[in-house]
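Residue numbers (the numbering used here): -16 to 283.
Structure, rendered in structure tokens:
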């Protein structure tokens, strides 16, 4: 059942449990959910859009559990100013929704409240990224620009943001809730886009543990074909890596500010990537499973 045709206009979440009016949204200084990450994420209104600024770095122990690794690591991204994430303050239903099954294979389709973008559950080959073993325990990984992003709903955020608050917002402006309705009741029947019109008469999506995991497309008006535009540009420090067949990521930590360590196992032997970010440069120390140590520095 397609609920996208049930309503022509809508709005994003209010300060409590559901979607609010345009007047309510215009009076907000931040959006529900984002306030839990106020130290690292900034959400504010500019014209007809909410802008979200962050460095895209997760606050959890990322990358652990990935068994299909492209040798990328999480690096900060300049999602600020003109390169911030944006979505409408007053979303409206599109005449023709865009399905993530057949499009939106490039770039993000949502932004989580921790400032990490969310991509289509299907990777750029059309495969389920989760089933392919490409994702960590939180549903994310680092892309070809060393840009960390999710491909499934970061449901762990429910415990952090609190009951009745979204864990993310789709780039059409509609909020994404977790495993319950905004009022705490069980999730009602979802449409093919993983959403529905709620008790307050406005549309919202849900994160789920089965495909499509997150918003299964965009039911709201958006400038998009294969990618939502405009969209922040990721800036790579280095060329994209290649698959390291057989590697399993076993650890990720931040020993000190702006310094990180990724550990992996290859054939039962451990390897590591240590790196420190200093402004526009990053210094790497690669320790291969055979003990070979290579140091490289990149600048963007």
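Here a beta-carbon is modelled for each residue, glycine too, at the ideal position from N, C-alpha and C.
Burial state of residue i, where buried means 16 or more other Cβ atoms lie within 10 Å
i: residue 213; result: exposed
i: residue 276; result: exposed
i: residue 105; result: buried
i: residue 50; result: exposed
i: residue 284; result: Because the chain is modelled from -16 through 283, residue 284 falls outside the range shown and cannot be assessed.
i: residue 198; result: buried
Euclidean distance between Cα positions of residue i and residue j
i: residue 258; j: residue 36; result: 24 Å
i: residue 297; j: residue 248; result: Residue 297 cannot be examined here, being either before or after the span of the chain that is shown, -16 to 283.
i: residue 181; j: residue 157; result: 12 Å
i: residue 223; j: residue 55; result: 7 Å
i: residue 118; j: residue 124; result: 5 Å
i: residue 81; j: residue 70; result: 16 Å
i: residue 265; j: residue 100; result: 22 Å
Coarse secondary structure for residue i, derived from DSSP in three states
i: residue 279; result: strand
i: residue 47; result: coil
i: residue 66; result: helix
i: residue 142; result: helix
i: residue 257; result: strand
i: residue 21; result: coil
i: residue 291; result: The first residue shown for the chain is -16 and the last is 283, placing residue 291 beyond what the model contains.
i: residue 187; result: strand
i: residue 10; result: At residue 10 the pLDDT is 48, less than 50, meaning the model places this residue with poor confidence and gives no usable figure here.
i: residue 285; result: With the chain represented from -16 up to 283, any question about residue 285 goes unanswered, as that position is not in the structure.
Cβ shell of residue i (< 7 Å), same chain only, five flanking positions each side left out
i: residue 163; result: 169, 170
i: residue 263; result: 282, 283
i: residue 6; result: Low confidence applies to residue 6: its pLDDT is 45, below 50, so where it sits in the model is not reliable enough to give any reading.
is_contact[residue i, chain C] using C-beta, thresh 8 Å
i: residue 255; result: Looking for chain C here will not work: only one protein chain is present.
Sequence-distant residues of its chain with Cβ nearer than 6 Å to residue i (five each side left out)
i: residue 84; result: none
i: residue 225; result: none
Cβ separation of residue i and residue j, assumed to be a contact under 8 Å, to the nearest whole Å
i: residue 121; j: residue 43; result: 5 Å
i: residue 152; j: residue 189; result: Going by Cβ atoms, the distance from residue 152 to residue 189 rounds to 13 Å, so no, they are not a contact pair.
i: residue 77; j: residue 211; result: About 12 Å; that fails the 8 Å criterion.
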